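Taking it in order: structure first as structure tokens, then the write-up.
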Amino acid sequence: MATRLSTPLRHQFYRNAARPSPSFYYMIQHGQQQQQQNRALSTASSLTRPPLGGTTSIITGASRGIGAAIATAFASKGSNCILIGRDQTALNRTLEACNNTSNQSSGDGSSSATSQQRHIVEMGDISSREFWTSLNLKDLISQSSSSTNGETQSGPLILVNSAGVTHSSLLLRTSASQIESVIQTNLMGTLWASQIVGKQMLRFRGNSNSNEAQTQPGAVSTKGVIINVASLLATHGGAGSAAYAASKAGVLGLTRSLAAELGAAGIRVNAVLPGYIESDMTKAMAPKARGEALSRIPAGRFGSVDEIAEAAVFLASNAYANNCVITLDGGLSAV
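In numbering that gives the first Met the number 0, the protein residues as written are 0 to 334.
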């Protein structure tokens, strides 16, 4: 037969049963302290992490001009760069610049990077679909992935479609081969690259959907980013630039459509529209044409490739930039 406790003893029993032990309070306090320490470490890590740290960037047209400047800027911000072009010697110069800037800084002013960056060169004709379909992206990404303590680490992919050619002549005097060359390189090359690399981006299994990833500074928190280098001529026509303007207008339309198609999947798509930029193309301008162009620009000068690269870094690192089109023309489009 069970023993029945008296009323005073029964009350004492329930009071003791409801009172947590000192070890219980210690566990709660220790757990809270550990959470605070973890949050502090995570915040400190994100603040010191290079803006593009852990990413792999595929950059077309990386042999010179805007493409080379973007590659060097991305390397300085912690990204591992795959440099694509047709000029081996020029690509090697860009590769050397990327390696030098990676060794000098982690991208945020600190004296050393958290991991060893890797940059590689890939030769090919980006206007050809066969080039993109035959490209072993998985192997290239593995080769260029960061190394920490002997282990390779790959993060989100960034595709920069910077390769482009131009031909200045009135449409009625332009040959079919010249038109095809401009359209194939500027528009179709961008389309094929976005299609093939975009599929690879969808395979990335990072933390792109976590709330923490979306709000941490200094990190690309999406599965991938596509940045297309278009032109002011995509929105403003110019005599003698029919094929070029048409190709770049197509790139801008592609950008907006892909932003709608891929945004929900965690892939952001943006564009830069440069005006007159100091490059091999503008250096070849006749003095009179150059003077007339400068007189129309409120800023009174041509832009630099480094200024375009700064815009590309912003589009790559800002987690809310999708369908973002940045015009850099010194105010030319306002007049």
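Where a beta carbon is used, it is the ideal one built from N, C-alpha and C, also for glycine.
Quick caveat: nothing in here was measured; it's all calculated off a predicted structure.
Nearest-angstrom Cα separation, counted from residue j out to residue i
i	j	result
Ser133	Ser180	21 Å
Gly188	Val271	17 Å
Gly252	Lys287	33 Å
Ser144	Gly299	42 Å
Pro155	Leu51	9 Å
Val164	Gly84	12 Å
Ile296	Gly302	10 Å
Ile81	Ile140	8 Å
Gly239	Gly53	43 Å
His166	Phe130	23 Å
Val334	Tyr243	22 Å
Leu293	Pro273	15 Å
Arg202	Ile58	19 Å
Ser316	Cys323	12 Å
Gly290	Met200	44 Å
Ile160	Asn135	The residue asked about is misnamed: residue 160 is Asn in this sequence, not Ile. Their backbone Cα atoms lie some 18 Å apart in a straight line.
Leu190	Val250	8 Å
Asp138	Ser230	32 Å
Ile195	Ser168	33 Å
Ala245	Ala162	16 Å
Gln103	Ser78	14 Å
Residue i - DSSP class collapsed to helix/strand/coil
i	result
Thr234	coil
Pro273	strand
Leu253	helix
Arg295	helix
Gly290	helix
Thr221	coil
Val324	strand
Gly239	coil
Gly262	helix
Val334	coil
Gly154	coil
Among the options, the one whose alpha carbon lies nearest that of residue i
i	options	result
His118	Val324, Leu231, Ala162 and Thr55	Thr55
Leu314	Gln177, Thr221 and Gly249	Thr221
Glu260	Ser78, Gly197, Ala308 and Gln115	Gly197
Thr71	Thr100, Ser294 and Thr59	Thr100
Gln183	Ser127, Asp305 and Leu257	Ser127
Asn269	Ala283, Glu309 and Ile226	Ile226
Practice task
Could you tell me whether the region 82 to 97 touches the region 253 to 267, using the rule of 3 or more Cβ pairs below 8 Å?
Solution key: no
Exercise for the section: Please determine if the region 63 to 79 and the region 278 to 286 are in contact, where contact requires at least 3 C-beta pairs separated by less than 8 Å. Expected result: yes
Handout entry: Sufficient close CB pairs (3 or more, under 8 Å) joining the region 322 to 334 to the region 224 to 239
Key = yes
Problem - Whole alpha helix (DSSP H) elements within the region 156 to 205, 4-residue minimum - result: 175 to 182 and 188 to 201
Practice task
Give, in chain order, every unbroken run of the beta strand (DSSP E) that is at least 3 residues long and sits entirely within the region 80 to 142.
Solution key: 119 to 122
Handout entry: Three-pair Cβ contact test at 8 Å for the region 75 to 94 versus the region 122 to 136
Key = yes
Problem - Minimum length 3: unbroken beta strand (DSSP E) runs contained in the region 45 to 76 - result: 55 to 59
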